[in-house]
Amino acid sequence: MNYLKLFVVCTIGTLASLALAQDASANPSARIQVSDIKPLLIRAIDQGSEHGVLVGEAATYVRQKFESTAPIEIDVRTLYALPQPGCSRLEVTTRQKDVLEQAKRGDKELVYQVSYCRDGRFPEKR
Numbered sequence: 006m007n008y009l010k011l012f013v014v015c016t017i018g019t020l021a022s023l024a025l026a027q028d029a030s031a032n033p034s035a036r037i038q039v040s041d042i043k044p045l046l047i048r049a050i051d052q053g054s055e056h057g058v059l060v061g062e063a064a065t066y067v068r069q070k071f072e073s074t075a076p077i078e079i080d081v082r083t084l085y086a087l088p089q090p091g092c093s094r095l096e097v098t099t100r101q102k103d104v105l106e107q108a109k110r111g112d113k114e115l116v117y118q119v120s121y122c123r124d125g126r127f128p129e130k131r
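Just so we're aligned, residue 6 is where the sequence shown starts under the numbering used here, counting upward by one.
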C-alpha cells in the first residue's frame, strides 16, 4: 500500500510540474508584447530563448494580409554563440492561426535563422 501511495504522489507531482512548465506558446500571457522582433532577439541572446506576440502596425498589417484576427506569436531561441562578443545565431519561429492563403484557412508557421548581436547590429562574416 505504501508503494501505491508513493506512486500516486510522484505521479501527481510530475503532472503538476509539467503543467507549470508548459511552453509559452500554450500560455499567451507569458509572452511579451513587441512591435518588432529586436527585443526578442536581444533577450534570446542573453537568456537562451524568448517568446513574444507582435502588436502595433506590423501586427495590423499581417492580420489584414492574411485575414486572421489571431495573435502573431514569435519564438526566438539561441542556436549557438558566434565568435564576435555578444553575437549569436538565432532561430526565429513566427506562427499565426486561421490564416487565409490560396483560398484555404489554416495555421501557418515560418521558421528561419538569423545572426544578430546584442548591440543591434548584424555581425560581419569572418
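The beta carbon of each residue, even a glycine, is placed where N, CA and C say it ideally should be.
Fair warning: this is a prediction, and the values are worked out from it, not measured in the lab.
Check	Outcome
Tell me the start and end of each unbroken beta strand (DSSP E) in the stretch 22–107 that is at least 3 residues and wholly inside, in chain order.	37–39, 54–59, 77–86 and 92–106
Where do the ends of the beta strand (DSSP E) carrying Arg110 lie?	Lys109 to Cys122
With distances taken Cα to Cα, identify the nearest neighbour of Ile77 among Tyr66, Ala108 and Thr99.	Thr99
Quick one: is Ala49 buried, meaning 16 or more other Cβ sit within 10 Å of its Cβ, or exposed?	buried
How long is the line joining the alpha carbons of Gln38 and Leu95, rounded to whole angstroms?	19 angstroms
Count the C-beta pairs between the stretch 100–107 and the stretch 121–128 that are closer than 8 angstroms, then say yes if the count reaches three, no if not.	no
Just how far apart, CA to CA, sit Val58 and Tyr121?	20 angstroms
Exposed or buried, which one is Val116 when buried takes at least 16 other CB atoms within 10 Å?	exposed
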